[in-house]
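Worksheet: one structure, shown below.
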Amino acid sequence: MKRVGLGILLLLVVALTTYYYPKIQETYEPPLRLHRLPPILALRIGSFGNKELLSALIFYNTEFYFGEKAGFRKETPELKLIYDALNKATDLDPRNMDCYYFAQGTLSWIKPAIPVLNRLLKKGFKHRPWDWYLPFFIGANYYFQLKDPIHAAKYMKEAARLNPRSPLYAMLAARMLYQGNQTEAGIIYLKSLIREAANPILRKKFEKRLHALEAIFFLEKGIKRYENKFGKRPVKIGDLVKAGIISEIPTDPYGGVFYIGKDGRVYSTSKLAEGWRKNGSHKDSKIKKGVPKRGT
């Protein structure tokens with residue numbers, strides 16, 4: 002009987018420890034910081050000729066910081082310091098592709114960061130002229146964030162030239178020059194990023210954005226079918242359900258509500274941004290949401 006009581010007591014202690022330890026850790030653990038690195042000249046001297054090794058160490062430290070901050074602690078990383086670290090790591094070793102891929106994954110969704118991000122990627126392309134990923138990234142940034150299809154097509158053509166086995170990049174270049182079908186181009190772009198993503202946290206972010214774009218593309222196709230059927234544009238997303246074009250409205254993975262803008266395009270109250278809460282204010286928010294299904 003004593004053994005049973007002792008066993009129950011031990012189980013209770015383990016359960017309480019498992020429950021409260023993470024809370025205590027969050028309360029008393031010091032904030033995680035990514036410290037600004039010394040000037041590049043000091044780093045070159047301090048590397049003692051091992052610039053590639055130091056570049057790799059800076060990259061892994063930065064990636065660990067991002068994973069711990071965004072993945073485990075669910076806090077916002079200091080993105081300017083991430084860029085500074087990756088920029089200096091690539092000054093030490095301009096061929097360090099891990100840095101360029103990681104920079105694209107973390108900064109390409111932030112419009113004010115695109116000019117410096119593209120400058121970093123162009124540095125990489127200068128030293129890795131055989132690598133089709135870099136012009137692909139640069140072209141995508143010009144197109145989706147800077148709304149510059151001419152420069153976007155220029156770099157997408159470079160990606161097509163360097164990777165002739167895939168017709169994808171030539172097709173994207175043509176679409177960018179035509180300035181059409183931006184949503185479908187975004188889906189193709191994200192799928193290519195997901196295929197190559199080694200970092201599980203980045204892959205999860207890419208997949209979340211992909212689901213949002215797929216929902217928007219689904220609604221855009223529904224709007225076109227509505228226009229073909231009735232000869233006019235629907236006023237709101239709910240009109241697609243009432244007309245039997247779609248059976249229900251897809252859910253925005255960012256927690257917002259989809260609606261039709263004055264220009265006829267599909268938008269979300271979340272603006273596809275992290276941290277948005279549900280119960281959007283748009284009038285379509287009362288309509289049932291769910292997984293996209295094709296109507297009869």
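If you number the sequence shown the way this note's numbering does, the last residue is 297 and the count never jumps. The beta carbon of each residue, even a glycine, is placed where N, CA and C say it ideally should be.
Check your understanding: Is the CB of Leu54 under 7 angstroms away from at least one CB in chain C?
Key -> Here chain C cannot be found, since the structure has a single protein chain.
Check your understanding: When burial is assigned at 16 or more other CB atoms within 10 Å of the CB, is Leu42 buried or exposed?
Key -> So Leu42 ends up on the exposed side.
Practice item. Please work out which residues of its chain come closer than 6 angstroms, Cβ to Cβ, to Gly68, disregarding the five sequence neighbours upstream and downstream, and give them in chain order. Key: Annotation for Gly68: Ile202 place their beta carbon closer than 6 angstroms to its own, counting only its chain and skipping 5 residues before and after.
Check your understanding: Would a C-beta distance cut-off of 7 angstroms place Ala90 and Ser48 closer than the cut-off?
Key -> Contact: no.
Point to revise | DSSP state of Pro251 mapped onto helix, strand, coil | key: Annotated three-state conformation of Pro251 is strand, per DSSP.
Check your understanding: Exposed or buried, which one is Val258 when buried takes at least 16 other CB atoms within 10 Å?
Key -> Classification for Val258: buried.
Check your understanding: Which residues bound the alpha helix (DSSP H) around Phe137?
Key -> Start and end: Tyr134 to Phe145.
Review point. Contact check, Phe126 vs Leu118 under 8 angstroms by CB: the rounded distance?
Key: In fact, because the Cβ distance is near 13 angstroms, the residues do not count as touching under 8 angstroms.
Exercise for review: Report back the beta-carbon spacing between Gly232 and Ile246 to the nearest angstrom; my notes put them in contact at under 8 angstroms.
Suggested key: Actually they are not in contact, since the Cβ atoms of Gly232 and Ile246 sit about 14 angstroms apart, beyond 8 angstroms.
Review point. Which one of Pro251, Leu54 and Phe103 has the shortest CA to CA distance from Lys206?
Key: Answer by Cα proximity: Phe103.
Review point. Can you give the beta carbon distance from Leu211 to Lys192, rounded, assuming they're within the 8 angstroms contact cut?
Key: 7 angstroms between Cβ atoms; contact.
Practice item. State the Cα-Cα distance for the pair Gly262 and Phe137, rounded to the nearest angstrom. Key: Rounded to whole angstroms, Gly262 to Phe137 spans 30 angstroms at the Cα level.
Check your understanding: Leaving out the 5 sequence neighbours to the left and right, which residues in its chain are closer than 7 angstroms to Lys52 when beta-carbon positions are compared?
Key -> Residues of the same chain with a CB within less than 7 angstroms of the CB of Lys52, apart from the 5 flanking positions on each side, are Arg45, Leu93 and Asp94 in chain order.
Point to revise | Those runs of the alpha helix (DSSP H) which lie wholly inside the segment 177-260 and span at least 4 residues | key: Runs of the alpha helix (DSSP H) inside the segment 177-260: 183-197, 201-231 and 239-243.
Exercise for review: Output the boundary residues of the beta strand (DSSP E) element that contains Ser269.
Suggested key: Segment Val267 to Ser269, the beta strand (DSSP E) holding Ser269.
Exercise for review: Report yes if the C-beta distance between Ala198 and Arg204 is below 7 angstroms; otherwise report no.
Suggested key: Their beta carbons are under 7 angstroms apart, which means Ala198 touches Arg204 by this criterion.
Point to revise | Member of Arg120, Pro39 and Tyr268 whose CA lies at the smallest distance from the CA of Tyr101 | key: Closest by C-alpha distance to Tyr101, out of Arg120, Pro39 and Tyr268, is Arg120.
Review point. Can you give the beta carbon distance from Leu220 to Pro251, rounded, assuming they're within the 8 angstroms contact cut?
Key: About 7 angstroms separates the two Cβ atoms, so the contact holds.
Check your understanding: Hey, Ala186 and Tyr170: beta-carbon distance below 7 angstroms or not?
Key -> When the beta-carbon positions are compared, Ala186 and Tyr170 stay at least 7 angstroms from each other.
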